[in-house]
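Visitor: Below is one structure. I have some questions about it.
In the numbering used here, the protein residues as written are 201 to 424.
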């Protein structure tokens, strides 16, 4: 990849953003990144493609990897996965049944999640020369220091799993989980009503900017 001036996206590069609803949001962090890249590096003509599909879990992303990512011939791929793997273990959106212990039949276990992420990375490496950036899962509720929030407690296992994949597969890791926690704690220390999400999961405009800036910093965007 042509890494001019430290930024990993060179001229005419294609960046594909793989994920679920947080990624799919047409006004979300992918759009923020597209706009900031166009403003900061207009001469590079970077093509940013949104490959988010609402509701997707990691196996769903693996299943559509060829069609939605590899076929686009990307020079860089971001992978934002894990929230639905956890959340659907606590709540079945089809039956609206809740599972307080997170043991619902539609959840993806940390072991399967880690193995699936590894397969996504390996498949991308076999088919492309793309730089791969893994985005750690953000939050499942903004009461991040509440010991009774079992969803966030479970999510930590998935964050650790993604960190292991990044280490074993030598990929870049965007610390989106840690940056979300830091921003939530800092904001709520000043104003208890401060929020980065609309519903505990999906980012609001501020949350989307936190996500975008964290990813762009990982890509070497100047000034971040």
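Using N, Cα and C, we set each Cβ at its ideal position, and we do this for glycine too.
Buried or exposed for residue 245, going by 16 or more other Cβ atoms inside 10 Å?
Guide: The residue in question, residue 245, is exposed, as its Cβ has fewer than 16 Cβ neighbours within 10 Å.
Visitor: How many Å lie between residue 346 and residue 311 at the Cα?
Guide: 25 Å
Visitor: Exposed or buried, residue 382, counting other C-beta atoms within 10 Å across all chains shown (16 or more means buried)?
Guide: exposed
Visitor: What separation, rounded to the nearest whole angstrom, lies between the Cα atoms of residue 303 and residue 313?
Guide: 15 Å
Visitor: Take the Cβ of residue 256 as the centre, count every other Cβ of all protein chains shown within 10 Å, and call the residue buried at 16 or more, exposed below.
Guide: buried
Visitor: Any contact of the stretch 399 to 407 with the stretch 327 to 342, i.e. 3+ C-beta pairs under 8 Å?
Guide: yes
Visitor: If we call anything under 7 Å between Cβ atoms a contact, is residue 218 one with residue 271?
Guide: Pairing residue 218 with residue 271 gives a Cβ-Cβ distance that is not under 7 Å.
Visitor: Is residue 344 helix, strand or coil when you go by DSSP?
Guide: coil
Visitor: Going by DSSP, name the residue or residues bridged to residue 214.
Guide: 247
Visitor: Taking the continuous beta strand (DSSP E) assigned at residue 239, which residues delimit it?
Guide: No beta strand (DSSP E) holds residue 239; the alpha helix (DSSP H) holding it covers 229 to 240.
Visitor: Suppose you measure from the CA of residue 386 to the CA of residue 289; what does that come to, to the nearest Å?
Guide: 30 Å
Visitor: State the Cα-Cα distance for the pair residue 422 and residue 300, rounded to the nearest angstrom.
Guide: 44 Å
Visitor: According to DSSP, is residue 363 helix, strand or coil?
Guide: helix
Visitor: Going straight from the alpha carbon of residue 417 to that of residue 233, what length do you get?
Guide: Roughly 11 Å between the two C-alpha positions.
Visitor: Could you work out which residue in 285, 268, 276 is closest to residue 355 when comparing CA atoms only?
Guide: The residue with the shortest Cα to Cα distance from residue 355 is 285.
Visitor: Excluding the 5 residues preceding and the 5 following residue 202 in the sequence, name in chain order all residues of the same chain whose CB lies nearer than 7 Å to its CB.
Guide: Residue confidence is low: residue 202 scores 41 on pLDDT, short of 50, so the model does not pin down where it sits. No coordinate-derived value is stated.
Visitor: Helix, strand or coil: how does DSSP classify residue 311 here?
Guide: The answer is helix: DSSP assigns residue 311 an H, G or I state.
Visitor: Just to confirm, are residue 223 and residue 259 a CB contact at a threshold of 7 Å?
Guide: no
Visitor: Sort 368, 235, 208, 220 by Cα distance to residue 412 and report the nearest one.
Guide: 235
Visitor: Along the alpha helix (DSSP H) that carries residue 332, what are the first and last residues, could you check?
Guide: Taken as a continuous stretch (DSSP letters only), residue 332 belongs to no alpha helix (DSSP H), being part of the beta strand (DSSP E) at 331 to 335.
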